[in-house]
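Counting from 1, position 60 in the sequence shown corresponds to residue 209 in the numbering used here; the numbering is continuous, with no gaps. Contents: one structure, followed by commentary.
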Amino acid sequence: MRKERNLTTVWLSSMYHNVGDSKRAMDEYTSEIFMHGLNTIVLHNTCEDSLLAAPIILDLVILCEICERIKFKVGDDHEFQSFHPVLSLLSYLLKAPLVPSDTPVINALFKQRSCIENIFRACVGLKPQNHMMLEHKHSREVRQPVNREWTHRHFLSPGKRSEKEWLPQWRNKGLETLHEWRLRLLYSSQGNHLE
150 MRKERNLTTV WLSSMYHNVG DSKRAMDEYT SEIFMHGLNT IVLHNTCEDS LLAAPIILDL
210 VILCEICERI KFKVGDDHEF QSFHPVLSLL SYLLKAPLVP SDTPVINALF KQRSCIENIF
270 RACVGLKPQN HMMLEHKHSR EVRQPVNREW THRHFLSPGK RSEKEWLPQW RNKGLETLHE
330 WRLRLLYSSQ GNHLE
C-alpha cells in the first residue's frame with residue numbers, strides 16, 4: 150500500500166494480488182473542504198488491462214510519429230529544429246510526466262491537453278487558445294478603426310456587392326466596435342444582406 154500526502158489531499162492506492170489481464174483497483178481520494186472538513190471519494194475499477202491500454206498505446210505511437218515530423222524555429226534561428234528527445238507532450242497519456250532537465254513539470258490534465266491542441270493549431274497556422282477572452286472582460290468598450298482595404302480584400306469576392314454598396318450602410322448603422330464590425334463582416338461574407 151502506498152500513501153502520498155501534501156497540504157490538502159491524501160491519496161491512498163491499494164495493490165491487489167495478480168489477477169491476470171483483469172485490472173482491479175480500489176482508490177480513495179480524500180480532500181479537505183470548508184472548515185477543515187474531509188471529503189472522501191472511493192472508486193472501485195474492474196476491467197481488462199490490455200483493452201484499457203491498447204488505445205492509449207496507439208495514441209502514443211501516433212503522437213510520437215507526428216511530433217517527429219514537426220520542425221520549428223525559435224526567435225532568429227536560421228535552421229529548423231525538432232522537439233527534445235524527452236517528448237513532454239506525451240505526459241497527457243502517461244501516469245507520471247517526464248520532462249527535460251530544467252523544465253517545469255505540469256501535472257494538470259487540462260493544461261497538458263491544451264499544450265497538444267495548441268501545437269496542432271500552430272501546425273495549421275492558427276493562434277493558440279488561452280481561454281482568457283480578455284476582449285470580453287474589460288469594463289470599457291474598445292473602439293478600433295475599420296481597415297477598409299483589409300475588409301475588401303478578404304471578405305468581398307467577385308460577383309458580390311461592391312464596396313461602394315455596403316460600406317455606406319455600415320457607416321450609417323454606426324458600427325464602431327471591432328466586435329460589431331467582425332460580426333457584420335462574417336454575416337455579409339456568407340451572402341446575407343445587412344438589415
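Where is the CB? At the ideal position from N, CA and C, for every residue including glycine. None of the values given here were measured: they were computed from a predicted structure.
Check: Going by the DSSP bridge assignment, what does ASP176 pair with across the sheet?; Outcome: SER162, LEU192
Check: Considering only residues of the same chain and omitting the five flanking positions on each side of GLN261, which have a CB-CB separation below 7 angstroms?; Outcome: SER240, TYR241, ILE255
Check: Using C-beta distances below 7 angstroms, list every residue in its chain close to LEU209, excluding the 5 sequence neighbours before and after it, in chain order.; Outcome: LEU239, LEU242
Check: Please report the straight-line C-alpha distance between SER162 and ASN194, rounded to a whole angstrom.; Outcome: 12 angstroms
Check: So VAL128 packs on GLU177, CB below 8 angstroms; how close in whole Å?; Outcome: Summary: the structure shown does not reach residue 128, with the chain confined to residues 150 through 344, and so no result is reported for it.
Check: Determine which residues share a DSSP beta bridge with LYS221 and list them.; Outcome: The amino acid occupying residue 221 in the given sequence is Phe; Lys does not appear at that position. GLN230.
Check: Among ASP251, HIS285, SER231, which has the Cα closest to the Cα of ILE268?; Outcome: SER231
Check: Is it right to say SER250 is buried, meaning 16 or more other beta carbons lie within 10 angstroms of its own, or is it exposed?; Outcome: exposed
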